[in-house]
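**Student:** If you scroll down you'll find the structure; I have some questions about it.
Residue numbers (my numbering): 2 to 150.
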(Lines of atoms letter the chains of each structure in order from A and count residues from 1; the text may use other names and numbers.)
(Lines give C-alpha, C1' and ligand atoms only; values in the text may rest on other atoms or scores of the structure.)
Protein backbone atom coordinates (compact mmCIF):
# COMPACT_ATOMS: atom_id res chain seq x y z
CA UNK A 1 0.00 0.00 0.00
CA UNK A 2 1.41 3.36 -1.02
CA UNK A 3 1.72 5.84 1.86
CA UNK A 4 -0.28 8.81 0.53
CA UNK A 5 1.64 12.07 0.77
CA UNK A 6 0.98 15.54 -0.58
CA UNK A 7 4.02 16.55 -2.60
CA UNK A 8 6.05 19.39 -1.13
CA UNK A 9 6.36 22.51 -3.27
CA UNK A 10 8.34 25.64 -2.51
CA UNK A 11 6.17 28.56 -3.66
CA UNK A 12 9.20 30.84 -3.88
CA UNK A 13 10.96 28.71 -6.50
CA UNK A 14 8.18 26.59 -8.03
CA UNK A 15 8.07 28.61 -11.26
CA UNK A 16 11.79 28.18 -11.99
CA UNK A 17 12.44 24.76 -10.44
CA UNK A 18 13.65 22.03 -12.77
CA UNK A 19 13.69 18.67 -10.94
CA UNK A 20 16.23 15.92 -11.37
CA UNK A 21 14.93 12.47 -12.22
CA UNK A 22 13.65 10.40 -9.31
CA UNK A 23 16.16 7.99 -7.78
CA UNK A 24 14.52 4.56 -7.79
CA UNK A 25 15.47 1.61 -5.63
CA UNK A 26 15.23 -2.08 -6.52
CA UNK A 27 16.04 -5.24 -4.61
CA UNK A 28 15.93 -8.84 -5.86
CA UNK A 29 14.24 -7.75 -9.08
CA UNK A 30 11.36 -6.02 -7.28
CA UNK A 31 10.81 -2.29 -6.87
CA UNK A 32 11.97 -0.81 -3.57
CA UNK A 33 14.12 -1.80 -0.60
CA UNK A 34 12.84 -2.54 2.91
CA UNK A 35 13.91 0.14 5.38
CA UNK A 36 15.33 -2.37 7.87
CA UNK A 37 17.53 -3.86 5.13
CA UNK A 38 18.72 -0.41 4.05
CA UNK A 39 19.55 0.55 7.66
CA UNK A 40 21.57 -2.65 8.08
CA UNK A 41 23.35 -2.09 4.75
CA UNK A 42 21.94 -5.39 3.50
CA UNK A 43 22.31 -4.55 -0.17
CA UNK A 44 22.47 -8.13 -1.48
CA UNK A 45 20.01 -8.22 -4.34
CA UNK A 46 20.40 -4.49 -4.98
CA UNK A 47 22.34 -4.60 -8.26
CA UNK A 48 23.16 -0.90 -8.36
CA UNK A 49 24.03 -0.34 -4.68
CA UNK A 50 27.47 1.00 -5.67
CA UNK A 51 26.17 3.23 -8.45
CA UNK A 52 27.08 6.85 -7.75
CA UNK A 53 24.03 9.14 -7.84
CA UNK A 54 23.79 12.91 -7.70
CA UNK A 55 21.40 14.52 -5.23
CA UNK A 56 22.67 18.08 -5.19
CA UNK A 57 24.87 20.45 -7.10
CA UNK A 58 25.35 23.18 -4.51
CA UNK A 59 25.65 21.67 -1.06
CA UNK A 60 26.84 18.70 0.95
CA UNK A 61 23.37 18.51 2.53
CA UNK A 62 19.90 17.75 1.27
CA UNK A 63 16.54 18.13 2.95
CA UNK A 64 14.23 15.13 3.20
CA UNK A 65 10.52 16.01 3.41
CA UNK A 66 7.82 13.61 4.61
CA UNK A 67 4.09 14.21 4.78
CA UNK A 68 2.89 11.11 6.66
CA UNK A 69 -0.93 10.98 6.83
CA UNK A 70 -2.34 12.47 10.03
CA UNK A 71 0.82 14.36 11.02
CA UNK A 72 2.39 17.74 10.33
CA UNK A 73 4.81 17.99 7.43
CA UNK A 74 8.26 16.84 8.61
CA UNK A 75 11.63 17.82 7.18
CA UNK A 76 15.25 17.39 8.13
CA UNK A 77 18.60 18.20 6.54
CA UNK A 78 21.29 15.55 6.38
CA UNK A 79 24.75 15.19 4.89
CA UNK A 80 25.31 13.47 1.61
CA UNK A 81 28.94 13.43 2.76
CA UNK A 82 30.83 14.07 -0.41
CA UNK A 83 31.86 17.56 -1.48
CA UNK A 84 30.54 16.76 -4.95
CA UNK A 85 27.02 16.01 -3.70
CA UNK A 86 27.38 12.48 -5.07
CA UNK A 87 26.88 9.28 -3.10
CA UNK A 88 26.47 5.57 -3.74
CA UNK A 89 22.85 4.52 -4.11
CA UNK A 90 23.04 1.96 -1.29
CA UNK A 91 24.48 4.51 1.14
CA UNK A 92 21.81 6.99 0.08
CA UNK A 93 19.11 4.37 0.80
CA UNK A 94 20.61 3.86 4.27
CA UNK A 95 20.66 7.61 4.98
CA UNK A 96 17.07 8.07 3.79
CA UNK A 97 15.95 5.07 5.86
CA UNK A 98 17.62 6.59 8.94
CA UNK A 99 15.81 9.88 8.31
CA UNK A 100 12.47 8.08 7.94
CA UNK A 101 13.16 6.23 11.20
CA UNK A 102 13.90 9.58 12.91
CA UNK A 103 10.70 11.04 11.47
CA UNK A 104 8.59 8.15 12.78
CA UNK A 105 10.22 8.40 16.22
CA UNK A 106 9.45 12.12 16.42
CA UNK A 107 5.90 11.68 15.12
CA UNK A 108 5.18 8.96 17.69
CA UNK A 109 5.22 11.71 20.35
CA UNK A 110 2.16 13.48 18.94
CA UNK A 111 -1.38 12.28 18.24
CA UNK A 112 -2.30 11.17 14.73
CA UNK A 113 -5.35 12.77 13.09
CA UNK A 114 -5.79 10.09 10.41
CA UNK A 115 -7.20 6.74 11.54
CA UNK A 116 -5.03 3.79 10.54
CA UNK A 117 -1.84 5.78 10.00
CA UNK A 118 -0.54 5.98 13.58
CA UNK A 119 3.22 5.59 13.39
CA UNK A 120 3.32 3.68 16.68
CA UNK A 121 1.88 0.72 14.72
CA UNK A 122 4.52 0.88 11.98
CA UNK A 123 7.53 -1.44 11.86
CA UNK A 124 10.54 -0.62 9.69
CA UNK A 125 10.48 -4.07 8.09
CA UNK A 126 6.99 -3.24 6.81
CA UNK A 127 8.11 -0.07 5.02
CA UNK A 128 9.62 -0.12 1.55
CA UNK A 129 11.51 2.81 0.07
CA UNK A 130 10.47 2.90 -3.59
CA UNK A 131 12.21 6.09 -4.71
CA UNK A 132 13.04 9.62 -3.73
CA UNK A 133 11.68 12.51 -5.78
CA UNK A 134 13.34 15.88 -6.24
CA UNK A 135 10.59 18.27 -5.07
CA UNK A 136 12.43 21.59 -4.75
CA UNK A 137 15.98 22.90 -4.87
CA UNK A 138 17.88 20.85 -2.28
CA UNK A 139 14.77 18.92 -1.19
CA UNK A 140 13.75 15.33 -1.83
CA UNK A 141 10.64 13.42 -0.79
CA UNK A 142 10.55 9.63 -0.38
CA UNK A 143 7.90 7.44 -1.94
CA UNK A 144 7.14 4.78 0.66
CA UNK A 145 5.01 1.65 0.56
CA UNK A 146 3.68 -0.10 3.65
CA UNK A 147 3.23 -3.86 3.73
CA UNK A 148 -0.03 -4.82 5.37
CA UNK A 149 -0.87 -8.25 6.76
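Quick reminder that beta carbons are idealized off the backbone N, C-alpha and C, glycines included.
For the candidate residues 33, 124, 129, 73, whose alpha-carbon lies nearest to that of residue 47?
**Tutor:** When only C-alpha atoms are compared, the closest one is 33.
**Student:** Looking at residue 132: is its Cβ nearer than 8 Å to the Cβ of residue 123?
**Tutor:** No; because the gap between Cβ atoms is not below 8 Å, this pair is not in contact.
**Student:** Which runs of the beta strand (DSSP E) fall wholly inside the segment 77–142 and span at least 3 residues, in chain order?
**Tutor:** Whole beta strand (DSSP E) segments, 3+ residues: 87–89, 128–137.
**Student:** Between which two residues does the alpha helix (DSSP H) carrying residue 185 extend?
**Tutor:** No answer is possible for residue 185: the residues shown for the chain start at 2 and end at 150.
**Student:** If you pair each beta-carbon of the segment 97–105 with each one of the segment 64–73, do three or more pairs fall below 8 Å?
**Tutor:** Yes, they touch.
**Student:** Pick helix, strand or coil for residue 8, following the three-state DSSP scheme.
**Tutor:** Three-state result, residue 8: coil.
**Student:** Any idea which residues DSSP pairs residue 32 with across the strands?
**Tutor:** According to DSSP, residue 32 bridges with 27.
**Student:** Looking only at C-alpha atoms, which of 136, 147, 120 sits nearest to residue 12?
**Tutor:** Minimum Cα distance to residue 12 is reached at 136.
**Student:** With a 10 Å radius around its C-beta and 16 neighbouring C-beta atoms as the bar for buried, classify residue 134 as buried or exposed.
**Tutor:** Residue 134 should be labelled buried.
**Student:** Under 8 Å between the Cβ atoms of residue 2 and residue 147?
**Tutor:** Cβ atoms of residue 2 and residue 147: closer than 8 Å.
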